[in-house]
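Take a look at the structure set out below.
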Amino acid sequence: MKTLIASALVATAALTGAASAATATAAPAQKELQQLVPGTNLSGLSDAELISVVQTVDDLDNASQKAAVAKALIETLN
102 MKTLIASALV ATAALTGAAS AATATAAPAQ KELQQLVPGT NLSGLSDAEL ISVVQTVDDL
162 DNASQKAAVA KALIETLN
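Going left to right, the sequence shown walks through residues 102 to 179 as this note's numbering numbers them.
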């Protein structure tokens, strides 16, 4: 299950286009996730996973939904 979710995230990130991939880096993604889900351990995630999680939750409407999905993805990937 963990591999399936990780694969889906990487595929989603790859399909978002070269323009968004070129501007996305791990440092802003990590900062955004720390603000969204404070106290969450992000050390086990690769740069691609961090960016994928952020790109996935960016499409959601409200902050609580973003936080819940981000937390679930981070826990699954860690």
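From the three backbone atoms N, C-alpha and C, an ideal C-beta is built for every residue, glycine too.
Short of 6 Å in beta carbon distance, which residues of its chain neighbour residue 174, apart from the five on each side in sequence? Order them along the chain.
Numbered from 1 along the sequence shown, position 73 holds the residue referred to as residue 174. If you ignore the 5 residues before and after residue 174, its C-beta comes within less than 6 Å of the C-beta of 154, all in its own chain and listed in chain order.
Buried or exposed: residue 130, going by 16 or more other Cβ atoms within 10 Å of its Cβ?
Working through the sequence shown from its first residue, we reach residue 130 at position 29. Buried is the call here.
Measure the C-alpha to C-alpha separation of residue 163 and residue 137 and round it to an integer number of angstroms.
By 1-based counting over the sequence shown, the position of residue 163 is 62. By 1-based counting over the sequence shown, the position of residue 137 is 36. The C-alpha of residue 137 is placed about 11 Å away from the C-alpha of residue 163.
Out of 141, 142, 126, 134, state which residue places its alpha-carbon closest to the alpha-carbon of residue 167.
What you label residue 167 is simply residue 66 of the sequence shown in a count that begins at 1. Nearest C-alpha to residue 167: 134.
List the whole-angstrom C-beta distance separating residue 148 from residue 127, where the pair is believed to meet the contact cut-off of C-beta under 8 Å.
The residue given as residue 148 occupies position 47 in the sequence shown. The residue given as residue 127 occupies position 26 in the sequence shown. Confirmed, Cβ separation roughly 4 Å.
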